[in-house]
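Colleague: Got a structure here, written out as structure tokens. Questions coming.
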Amino acid sequence: MSEFIIETNGLTRRFGRHVSVDHIDLRVPEGKIYGFLGANGAGKTTTIRMLLSLIRADEGSVQIMGRSLKRERESILRNIGSLVEGPSYYGHLSAYGNLKIICKLLELPEENIREVLDTVRLTPYAKQTVKGYSLGMKQRLGIAQALIRKPKLLILDEPINGLDPAGIQEIRNLMLALSHEQGITIFLSSHILSEIQSIADYVGIIQGGKLIFQDRMQELEKRNTVRLSIITDRPDEAYHALIRNGATTEKHGNELLVTVTGRMDQGEIFRILQPFSLQHVSEQTSSLEDIFLQLTGKGESL
Numbered sequence: 001m002s003e004f005i006i007e008t009n010g011l012t013r014r015f016g017r018h019v020s021v022d023h024i025d026l027r028v029p030e031g032k033i034y035g036f037l038g039a040n041g042a043g044k045t046t047t048i049r050m051l052l053s054l055i056r057a058d059e060g061s062v063q064i065m066g067r068s069l070k071r072e073r074e075s076i077l078r079n080i081g082s083l084v085e086g087p088s089y090y091g092h093l094s095a096y097g098n099l100k101i102i103c104k105l106l107e108l109p110e111e112n113i114r115e116v117l118d119t120v121r122l123t124p125y126a127k128q129t130v131k132g133y134s135l136g137m138k139q140r141l142g143i144a145q146a147l148i149r150k151p152k153l154l155i156l157d158e159p160i161n162g163l164d165p166a167g168i169q170e171i172r173n174l175m176l177a178l179s180h181e182q183g184i185t186i187f188l189s190s191h192i193l194s195e196i197q198s199i200a201d202y203v204g205i206i207q208g209g210k211l212i213f214q215d216r217m218q219e220l221e222k223r224n225t226v227r228l229s230i231i232t233d234r235p236d237e238a239y240h241a242l243i244r245n246g247a248t249t250e251k252h253g254n255e256l257l258v259t260v261t262g263r264m265d266q267g268e269i270f271r272i273l274q275p276f277s278l279q280h281v282s283e284q285t286s287s288l289e290d291i292f293l294q295l296t297g298k299g300e301s302l
């Protein structure tokens, strides 16, 4: 079996002339949290809908758990729990009542209800009507619905959208527990960069329907760049000296921004600038937001 629980090849979806998802090759390792990051309208939900066979792909293939989604749809979907665009529930019923309906429809034992309520920490509120729940509690109920059949894979579309900080922390802790304690693979979409960074083992970045980055989160963080902000008595001459010696340098008025690399380390930069009087030197480290903007290349902010 493949090491990837989700594997797509050339996955594409068009709406008229608009290409919503453009030949993406997802590789989601089993047992990990994969953050699917992109601005609103980037193609995240359309991708998820194809992974769940809610809409068909125009091109490409989807393999889940080593099997073709097209050929083995029903057996694959039995092992997937999902929450797409918010939970659905009967507000006049309790959490227990809502989950009992699902168990009857899916012919699952009622003992599953107690297990998932305990997992999402709703047991103390199990008999209360859902219409009185906070948004975070409703979201946890949605995740309980996704967990009711004990899936191997959990697909969540923007699960923290609209939550307050306490609700976000609850969902974050829940996802970490599901991954680390139960070994469930979680495919999580979000437009919130900091949340993906705080929870994901792997990250894929989608922009304009194209997958522009996919790797371990640490590999994205390694793209951090350090630059020296330097003010000198002769900025024009200093700038040309740095450029002649191969230093990546930007000039903004009297300020020089010099990128530190393995070859052009700080010692080498200061050696080049030895003939000049340095009036100010400070270090700037790029944030993950900066890296995202560099990758997208269009100033698209999250």
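For the sequence shown, full-length UniProt numbering assigns the number 1 to the initial residue and increments by one for each residue that follows.
We put the CB at the ideal spot given by N, CA and C, even for glycine.
Among residues of its own chain, excluding the 5 on either side of P151, which ones have a beta-carbon nearer than 6 Å to its beta-carbon?
Modeller: N79, I80 and G81
Colleague: Figure out for me which residue from N98, G41 and I148 has the closest Cα to the Cα of H18.
Modeller: Here the closest residue by C-alpha is G41.
Colleague: Is it true that the CB of E170 sits closer than 7 Å to the CB of G136?
Modeller: yes
Colleague: Leaving out five residues on either side along the sequence, give the residues of the same chain with a beta carbon under 6 Å from the beta carbon of H241.
Modeller: Note on identity: in this sequence residue 241 is Ala, with His being the wrong assignment. Result list for A241: I272, in chain order.
Colleague: Are the CB atoms of I186 and S194 nearer to each other than 7 Å?
Modeller: no
Colleague: Taking 7 Å as the limit between beta carbons, can you name the residues of its chain near G208, skipping five residues before and five after?
Modeller: A42
Colleague: Name the one or two DSSP bridge partners that G35 has.
Modeller: L188 and V203
Colleague: Specify whether the region 117-134 and the region 55-64 touch according to this definition: at least 3 beta carbon pairs, one from each stretch, less than 8 Å apart.
Modeller: no
Colleague: Specify the secondary structure class of S198 as computed by DSSP and reduced to three states.
Modeller: helix
Colleague: Verify whether the separation of the beta carbon atoms of G86 and I206 is less than 7 Å.
Modeller: No, the pair does not count as a contact, with Cβ atoms beyond the cut-off.
Colleague: Classify N98 as buried or exposed, calling it buried when 16 or more other Cβ atoms lie within 10 Å of its own Cβ.
Modeller: Looking at its Cβ environment, which holds 16 or more other Cβ atoms inside 10 Å, N98 is buried.
Colleague: Which two residues bound the contiguous alpha helix (DSSP H) that contains D290?
Modeller: L288 to T296
Colleague: Per DSSP, V19 forms a beta bridge with which residues?
Modeller: R14.
Colleague: Return the chain-ordered list of same chain residues with a C-beta closer than 8 Å to the C-beta of residue 327, the five sequence neighbours on each side being excluded.
Modeller: Nothing about residue 327 can be reported from this structure: the residues present for the chain run from 1 to 302 only.
Colleague: Going by DSSP, name the residue or residues bridged to R67.
Modeller: I64
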